[in-house]
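Colleague:
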Amino acid sequence: MPPRTTSTGRAKHKSTLKFESPPPSKKFKGAKDVTILSLSQRPVLKPGNKPPSSTPRPSNVVESAGVTVKDAKGKGKASGPTHEEIPDDRLWADKYEPQSLGDLAVHKRKVDDVRRWLVEAFSEQGLSGHRRLLVLTGPAGSGKTATLRVLAHEMNFEIIEHKTHVNTVQVSTFASEPSMSNTPDVFSTFLARAGAYTSIFTSARQKLVLVEDLPNILHPAVRARFHDALRTHVEHGPSVAPVVLVVSDAGLCVEASSNGSSSRDVVIDARAVVPPGLPAHLFTEIRFNPIAPTLLASALKRVTALANVRLSQSILNSVVEGAGGDVRSAIMTLEFTCARPASWKQSSRSNVGSIVSTTQKENALLLFHLIGKIMYNKRKGDPHPKSASAKDISRERVLDRTLNDPPPLPPWLATEERRTSRVDVNLLYASTPVDASLFGLYVHQNYTQYCFSVEQCSSLIDNLSWTDANNSENWYDANPHAFHIQALGTLHSLPSPVPRTGQRIFKPAFFSSLQKQQSARDALDQTSNWLSSTGLWSRVAITTELGGVLRTLGRRAPHGHRAFSELVFGQDSMGAVPMGEGDVEAEAVDRDEDEIRETGKSHTSNDQAAYLGYLEDDDIEEW
Amino acid sequence: MLWVDDYRPKTLDGLHYHVGLSQRLKSLAASGDFPHMLFYGPSGAGKKTRIAATLNELFGSGVERIDQRVFLTPSRKKLDVNVVQSNYHIELTPSEVGNYDRVVIQEIIKEIAQTQQVDVSAKHRFKVVVINEADSLSRDAQAALRRTMEKYMSNLRIILCANSTSRLIAPIKSRCLLIRVAAPNHEEMLTVLNHVAKRAGAGSLPEDRADEIISDANGNMRKAILVFEAMKMQSPDLSSSLAIAKPDWETYCYKVGDMIIQEQTPQRVMEVRTKLYELLSHCIPPTIILKTIADRVVQKVDESLKADIMHWAAIYENRMRIGNKKIYHLEAWVVKVMSLYKQFFLGIELGDFDDFI
């Protein structure tokens, strides 16, 4: 049973029981409104809106809540046997988890992909030797595990799940050899056993190893052990159970500093999980996208039907909107929304709105849209694009009416005069998914497409340069205004309106450059060692002066010196990579495809664009 | 191995130029006591050669060995540093380990300072620590150095080697004997090249080739000898052009400079950026990239623009040192030059543009 997140509320109710000791028969009658009452307590964010029937000392209760959970539960258990029916108090997300393919909110094609892989993996011959490792990636709540469980049910195979046991990890003292390698040991033992033995409790013929709980692979030593275990298992061939790794995107947290040796892999993705050098045919990656709104809506309808609650369409829509393609979060919100005190009745829309807004995913604003908002630099009174619908136009009018014009600038600053911006930088800052440093890199990578002249470029890049020089990578002396300076400076420098030429947003080439720099540095060290039999050479001297000699030395020179000495003009190894499918950022891809399919239209151009992994600029505006 | 290393003079008497300096160093070494010293001057001027020769004068020719030392940071990260060691001295480049240079400085100095010279036949009671690239030491490391320089004066001498003193903190400069090693002039370089040619058995070096090499080297003796050797290896009769022996990145930088002059559009900014990334990813120091491209651009533009271009190069170079993302500042300079160049051609009066800085 999953940990109860609603336990605060339950405890509250039961602790009341404890204080006042009501007759036990009342207990389960109360249990029904436990959820309701308790959850009504939760919008702490709205202090003015007290639920009517609150207990005499609510503050006291809330304080003691955390402590009393355990013992309240004990009480519940003690009195449990007197009642036949124990209410299922799991969260809706677990209670109503999909049972069949029809219930699954995941796009059909993804499910088919996974099924095909499983069929091939379990087949006696053919591809089974190649289907040993499957990596399911995608944002949280996109139905990765659910898909697997439903398929297990359908295809009748057993899932052996690996769980990291926290209590087996020894806390090592600093003096001794670091013994963090304990977890991967457990993991390799687990893999070996899972492959060898069959459970006596199931009739399933096939089994599958599911690893959701990864060891701490950010630690290099642990990662090496993990990779070894995985490689051994996978290369064992079809005699052992295939492995499925589930990797949720933990969001983008990239260290954007260029100084020194900060070459850590901070993002857990498929590449970090799969052992390096594993033959490509041995593993498959299937990427899940966020759930399309249409599919999400139907999944929510199913849950409401099962839970026997009735909700208006508008509430459902706002829940879907707020979830950002995360089905688990959407169901949580739904449960929360439904759990309102009876006195609220058909509550006013403002209440619902506030519930939805409090439960909304925090980084609902995606990097993609953040950059779009900044780069399109919309200002008050912009001409409407041809494609804009009447609704958009009226929405913009309403927005413009709320914007106040700043007082005019004095004549000597007339060149700095701009129309009022429609972009609210404070709002962007509140919802930005990245830090100022990474944001700057994205702006830097993409700004040239949105400028008409080098003067605009110059003002923009000068602003970035200034911010970088007046900022620090260390948290304790970082410039707290870096994001604002960058965003406002960028908006100020960009032309208005910006040219619309079907720009695509690219990922910063900065990181690949950094990576190459690191390998060049390794080669440099090698060369430096080679030279050091006669004396110490400084690195700068090697890179800047030795190139010619190394080239003429040919094979007598240390291997790999080309990484820093060879530079051919016109041969650029680092093309800019557009943000696309397979990235954390570009999320709307699946939705587009779905909507096209469901409306039965065939926008080939749009479809193609979505396939290529970038979006037309109009899509950005919709957000 | 390389000619530069093979034919490096070992003694103060063997040095070809700056005879006056050699004399002074010699009498200093003979005087018995010896201050901390700071050798500074452009790269390839012969600072390290002079340091080695001075040590040789002080202690006689000792056995040198090259080691790799491992230092541990407080967070137990291992740092590998190459050192050259003898019984009398240790030479290292702490800036190799970036921000951890303070750890290296502290460890090594503590170690040297706390061990007394036990060899009774030793000429001097002190040991010498040679610190290369002292100007790229972090502030912390310099501060650490400053205290220890006074504290352990009895059994430790420090020789610093730097390109410029401007990045060293004043307390360090005031504790050292400053010795400037200037770049050799044309004749001096010619003498050395001929000497090397003779020692290497490469026959005589034609006058015009020598001139070409020397003017390209721009006072950098090491570079001149390296180019000479590369040319010799390429074609024993030295008939090949100088460009063959030049490192790739220089030509690359020139071409980037030409790109800036050719076109000034946002599109071109994008192209130049790719080239800059390419240079950076080959470990070419950003300051050198900026300097080389600026030199090239300045050669090609009108007289009235030159001062402005260099002015902005200086500003962005400074920001580059404070900041983290080198590419921003390199690109900012490129775009600034483009905009200056374009406006010059449009005939727009820039006026007192610089007053706004």
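Residue numbers (the working numbering), protein chains in the order written: chain A, 1 to 623; chain B, 1001 to 1357.
Ideal placement from N, C-alpha and C gives every residue a C-beta, glycine not left out.
From a predicted model like this one, the values you see are computed outputs, not experimental measurements.
(1) Using the beta-carbon of each residue, which ones in chain A are nearer than 8 Å to Q1262/B?
(2) Would the stretch 273-285 of chain A count as touching the stretch 301-312 of chain A if we require 3 or more Cβ pairs under 8 Å?
(3) With distance defined between alpha-carbon atoms, name the residue in L134/A, A224/A, K373/A and L438/A nearest to L427/A.
(4) How about G1219/B: is its C-beta nearer than 8 Å to some C-beta of chain A?
(5) Which two residues bound the contiguous beta strand (DSSP E) that contains K1078/B?
(6) Below 8 Å on the Cβ atoms is my contact criterion, and I expect K1325/B with E545/A to pass it. Report the Cβ-Cβ distance as a whole number of Å.
(7) Measuring alpha carbon to alpha carbon, tell me which of V1103/B, C1283/B and R1050/B ends up nearest G1144/B.
(8) Just by C-beta distance, which residues in the stretch 1307-1330 of chain B are closer than 7 Å to chain A?
(9) Starting from the Cα of L1012/B, find the closest Cα among G1044/B, A1162/B and T1054/B and give me that residue.
(10) Taking C-beta pairs closer than 9 Å, name the residues in chain B that T552/A reaches, listed in chain order.
(11) Taking all protein chains shown into account, decide if A1243/B is buried (16 or more other Cβ within 10 angstroms of its Cβ) or exposed.
(12) If V247/A and E1229/B are in contact, beta carbons under 8 Å, what's the gap, nearest whole angstrom?
(13) Relative to the alpha-carbon of A520/A, which residue among S1022/B, I1284/B and K1173/B has its alpha-carbon at the smallest distance?
(14) Classify I1112/B as buried or exposed, calling it buried when 16 or more other Cβ atoms lie within 10 Å of its own Cβ.
(15) Any beta carbon from chain A within less than 8 Å of L1002/B's own beta carbon?
(16) Whole alpha helix (DSSP H) runs in the stretch 1172-1252 of chain B with 4 or more residues, listed along the chain?
(17) Report the three-state DSSP secondary structure of Q1299/B (helix, strand or coil).
(18) Which residues in chain A have a C-beta closer than 8 Å to the C-beta of P1285/B? List them in chain order.
(19) Please list, in chain order, the residues of the stretch 486-518 of chain A that have any C-beta partner in chain C closer than 7 Å.
(20) For R223/A, which residues does DSSP report across the bridge?
(21) Just to confirm, is the Cβ distance from V1335/B to S453/A under 8 Å?
(22) Determine whether the Cβ of I461/A lies closer than 8 Å to any Cβ atom of chain B.
(23) Given that T1148/B touches chain A, what residues does it touch there, using C-beta distances under 8 Å?
(24) Return the Cβ separation of S1043/B and A541/A in integer angstroms, given the expectation that the two are a contact with Cβ distance under 8 Å.
(25) When DSSP builds the beta bridges, which residues end up paired with Q517/A?
(26) Would you check if the distance between the CB atom of M1001/B and the CB atom of L1177/B is smaller than 8 Å?
(27) Contact defined as beta carbons within less than 8 Å: I believe Y450/A pairs with V498/A. What is the distance between those atoms, to the nearest angstrom?
(28) Would you mind sorting W1312/B into buried or exposed? The rule is 16 or more other CB atoms within 10 Å of its CB.
(29) Where does P1009/B fall in DSSP's three states?
(30) With distances taken from CA atoms, which of L214/A, P215/A, V234/A and I160/A is nearest R131/A?
(31) Is there at least one Cβ from chain B nearer than 8 Å to E628/A's Cβ?
(32) Would R1222/B count as contacting chain A if we go by Cβ distances under 8 Å?
(33) Using CA coordinates, which residue listed in Q1234/B, E1250/B, R1147/B and P1247/B is at the minimum distance from I1169/B?
(34) A469/A touches chain B at which residues, Cβ-Cβ below 7 Å?
(35) Count the other CB atoms, across all protein chains shown, that sit within 10 Å of the CB of Q951/B; report buried if there are 16 or more and exposed otherwise.
(36) Return no unless some Cβ of chain B is closer than 8 Å to the Cβ of K50/A.
Modeller: According to the data block:
(1) Going along chain A, no residue has its Cβ under 8 Å from Q1262/B, so there is no contact; the nearest lies around 13 Å.
(2) The stretch 273-285 of chain A vs the stretch 301-312 of chain A: no contact.
(3) K373/A
(4) no
(5) K1078 to Q1085
(6) Incorrect: roughly 27 Å between the Cβ atoms, too far for contact.
(7) With the sequence shown as reference, residue 1144/B is identified as Ala, and Gly is not the correct amino acid for it. For the residues V1103/B, C1283/B and R1050/B, the minimum Cα distance to A1144/B belongs to V1103/B.
(8) Y1316, R1319, I1322, G1323, N1324, K1325, K1326, I1327, Y1328 and H1329
(9) T1054/B
(10) E1229, A1230, M1231, K1232, M1233, Q1234, I1244 and A1245
(11) exposed
(12) With a Cβ gap of about 53 Å, V247/A and E1229/B do not count as contacting.
(13) I1284/B
(14) buried
(15) yes
(16) With a minimum length of 4 residues, the continuous alpha helix (DSSP H) runs that stay inside the stretch 1172-1252 of chain B are 1186-1199, 1207-1217, 1221-1234 and 1242-1245.
(17) helix
(18) V540, T543 and T544
(19) The structure shown contains no chain C; its protein chains are A and B.
(20) BP columns for R223/A are empty, so no partner.
(21) no
(22) yes
(23) The premise fails here: T1148/B is roughly 21 Å from chain A at the closest Cβ pair, so nothing lies under 8 Å.
(24) 6 Å
(25) DSSP lists no partner for Q517/A.
(26) no
(27) 5 Å
(28) With 16 or more other Cβ atoms within 10 Å, it is buried.
(29) coil
(30) V234/A
(31) Lying before the first or after the last residue shown, residue 628/A is absent from chain A, which here runs from 1 to 623.
(32) Under the 8 Å criterion on CB atoms, R1222/B is classed as interfacial with respect to chain A.
(33) R1147/B
(34) R1319, I1322 and G1323
(35) Nothing can be reported for residue 951/B, as the shown portion of chain B is limited to 1001 through 1357.
(36) Any answer about K50/A is weak, because its pLDDT of 42 lies below 50 and its placement is not dependable; what the coordinates show is given next. Cβ-Cβ to chain B under 8 Å: no for K50/A.
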